[in-house]
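Below: the structure, in structure tokens.
Protein chains in written order, with our numbering: chain A, 1 to 153; chain B, 1 to 751.
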């Protein structure tokens, strides 16, 4: 049994320690907001927060993150009023939406580290998150909007 | 549940014969009106007590209102715009109704394909063209074909969903008037209620039982667009919030009690069988429950998708060889040898005297190439199914519900009507979910695991390996210029046939030439006195299918690049020449709008270049200007301007998002994507080999929608074809280098 904390709740899972966190979340715990896209850290659809940092959950072996705190989109505090989520809705970013939980989790982490990112900084941090529908112009706009909103507070 | 008639060739390829035969059809518009009830109402059978359904798109019970989305939502937003078209007419507000995807039924036949299937140019509104479209419409109705694709959702549903909503509204009004003993003319509707003359309000749901007992008001008319409350104005897509909250469940997110997880390894030589396998290593791997042999590969059933993927990877398989050349170089050789009479698809269009025209003036000649490309939406192929003695129930996101039934049924030897299909929200398609690789193997697996719900997920690598790609194509284009004018243009291309391939796999093979190989080539709207467009269909190559914008994605690149070459040779300005040569007034207006938006004033100079391209696909004329800068790190795409004329913009916000996405799709794949074969298998197996555009390369994209076209058109695909040639033309303007083959990064670096 491996113990981990997801969204503030402790879980015991009976899986091999090599299993990526993504598949523990999806198939063992039934938390499906983190998506499988590539399995090799090429798309960012599986992004979650581990101890407050954005991480590709397809690359995090469960045996190595025991004891750490995992947050998925399901467990975001005050999700409704989160400025990133609100900006995503206001600017209608999603098309198919499959990559967007990863985009949002990556953006939240970006804005925690760089509250007012430049376009170049957005390029650097967000280019690892693939969007096949091509919502990039809206992603960029929403990030700037969320940053501006957070600066008001 | 209804079932589709066998899809006849006639349904797809209504030739001139049907029209010439003098079959009498009503006008196209009248045919539209009559179709609401022609196949009955599939909702009637499932109605609960005291519930009403006036047509296949509206269901009202005492508890709730449900609006049916007949087209699959593959990210393009049709899960929102379809119910909103109904809600507009019913005076419903977002939040007052639920949305359900349609089950398979001929009642949901796609009328929108009529435009594409009639062998006339989109800009041709002549009586003969309209008659052919009416004939195509009639054939589609007979076939009952329910399919999402060809940018047809809004063209298909614009009339019928508004009529469906109007019928519901008027019938509810009639029920309320009857209850209150007042005249229908004295009641009105607002926000999900009928308002009586005394101001009292009756919620629609309270009228369900009474409305079900009166005849629907079938002659109800939709409102004039000037009266719209929601449509045509900025609105919030109904699925945006749940997607931004991470709450929307895609097909891959589905859960069932007792469900097990499956992964597959299939013959990478597409369509060929398994010869033998050794699973001794996989058998003892963690989480493995069962190893199954299926027709073209093996499957592992496990307690977790990752266990299944890992174990299936460890199975050693011996495969039957590919039916197409194992090495990519031979695919190109095959195409080069296909410009021969025995491979002729069709001479699609001929104007003037092409041979004389080519001899008159300075000859220009160029060869273009476009590779196979994968679809690879981010949600991999998947599905959930459970088989029993009664049949198969399958939950999968797909664009062809009836074909899912027939393919799944054929895979396990049952009847199509024994397959219950439940469509799912889809994480992208781009044409991928018109094919059946997941459906066939999921049916086989579930059938071997009867009683156990099975969730199948393709690994990304398997998804790439089984992706039936876009057509590969070679264009041989010749022309001539004289005294500052283009006097002749002769377009020939040899390609694999994507649409015919799809039809064949759906069980409806066609011997007619593939109309998608004409797209982007024959529908050229410039005044060139001598013109010819001819397709050749290569045989024996990789299976190919429809990829966002299909034929026009390759031929549009050839045509608009070559037109640019001719314009350059004639010493003309690329924008002004296109405007002056344009033969369709509304299309000319589109180009003029683009010139104004982009402030086109000729060459930019100083290492900068701008290119323009104009392609009509699926009836939607779309033109784009791309600006690039040659930097030390390569070409940077600075900005794109796009204009598309769709006759009527339903949702301006989603319109912009779709158009931007289409441009990004077109640019990204043109820059760096190809699918190549070695030893019969695709060599690209993840996004690092087939990347397309990432955020750092994405330009600013300015979009304008026009409403000058006489018909309502779609916009999912049309922004794709002009992107690649506009970029290539911009690179030429900046560097003097003509790139005639995709992907462009084989010839020039990009930032």
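Positions of the beta carbon are idealized from the N, C-alpha and C atoms, including for glycine.
Listed along the chain, the chain B residues whose CB falls inside 9 Å of the CB of residue 116 of chain A amount to none; the nearest CB is some 18 Å away.
In the displayed model, residue 247 of chain B falls within coil according to three-state DSSP, outside both helix and strand. Sequence-distant Cβ neighbours of residue 507 of chain B in its own chain, meaning closer than 7 Å and more than five residues away, are 406. In this structure, DSSP gives residue 294 of chain B an extended state, which the three-state scheme calls strand.
Boundaries of the beta strand (DSSP E) harbouring residue 394 of chain B: 392 to 395, taken from the DSSP string.
In the DSSP assignment, residue 278 of chain B falls within the unbroken beta strand (DSSP E) covering 274 to 278. Under the Cβ criterion of 9 Å, residue 665 of chain B is counted among the residues facing chain A. Short of 6 Å from the beta carbon of residue 432 of chain B, and not among the five residues preceding or following it, lie these beta carbons of its own chain, in chain order: 375 and 377. Annotation for residue 98 of chain B: 64, 65, 66 and 67 place their beta carbon closer than 8 Å to its own, counting only its chain and skipping 5 residues before and after. Residues 525, 526, 588 and 591 of the same chain have their beta carbon placed closer than 7 Å to that of residue 582 of chain B, with the five preceding and five following residues left out of the count. The beta carbon of residue 278 of chain B is closer than 6 Å to those of 316 in its chain, skipping five residues each way along the sequence. By the beta-carbon neighbour count (other beta carbons within 10 angstroms, threshold 16), residue 650 of chain B is buried. Residues of the segment 436 to 459 of chain B whose Cβ lies closer than 8 Å to any Cβ of chain A, in chain order: 457 and 459. Here residue 599 of chain B is exposed, its C-beta having fewer than 16 other C-beta atoms within 10 Å. For residue 11 of chain A, the pairing in a beta bridge is given by DSSP as A:4. Listed along the chain, the chain B residues whose CB falls inside 9 Å of the CB of residue 150 of chain A amount to none; the nearest CB is some 17 Å away. Contact between residue 541 of chain B and residue 486 of chain B fails: their C-beta atoms lie close to 33 Å from each other, not under 8 Å. The three-state reading of DSSP puts residue 150 of chain A in helix, counting H, G and I together. Pairing residue 468 of chain B with residue 454 of chain B gives a Cβ-Cβ distance that is not under 9 Å. The residue from B:81, B:491, B:124 and B:178 with its alpha-carbon nearest to that of residue 364 of chain B is B:491. Those residues of the segment 129 to 144 of chain A placed with their C-beta closer than 8 Å to a C-beta in chain B are 129, 130, 131, 132, 133, 134, 135, 136, 137, 138, 139 and 140, ordered along the chain. Under DSSP, residue 382 of chain B shares a beta bridge with B:457. When CB distances to chain B are screened at a threshold of 8 Å, the residues of the segment 28 to 50 of chain A falling below it are 28, 30, 32, 33, 35, 36, 37, 38, 39, 40, 42, 43 and 45, in chain order. Straight across, the Cα-Cα distance linking residue 29 of chain A with residue 21 of chain A is about 10 Å.
By the Cβ rule, the segment 140 to 147 of chain B does not count as touching the segment 162 to 181 of chain B, because fewer than three pairs are nearer than 8 Å.
The DSSP-derived three-state label of residue 621 of chain B is strand.
In the three-state reduction of the DSSP assignment, residue 108 of chain B falls in the helix class.
By the CB criterion at 9 Å, residue 62 of chain B and residue 205 of chain B fall inside the cutoff.
With a minimum length of 4 residues, there is no unbroken run of alpha helix (DSSP H) contained wholly in the segment 37 to 73 of chain B. Within chain A, the residues placing a beta-carbon under 8 Å from that of residue 380 of chain B are 36 and 37, ordered along the chain. With at least 16 other beta carbons inside 10 angstroms of its own, residue 331 of chain B counts as buried.
Between the segment 68 to 76 of chain A and the segment 30 to 42 of chain A there are three or more C-beta pairs closer than 8 Å, enough to call the two in contact.
With fewer than 16 neighbouring CB atoms inside 10 Å of its own CB, residue 152 of chain A falls in the exposed class. Chain-ordered, the chain A residues with CB closer than 7 Å to the CB of residue 698 of chain B read 136 and 137. Contact fails between the segment 188 to 200 of chain B and the segment 230 to 242 of chain B, because fewer than three Cβ pairs, one in each stretch, are under 8 Å apart.
Distance between residue 262 of chain B and residue 299 of chain B, taken at the CA atoms: about 7 Å.
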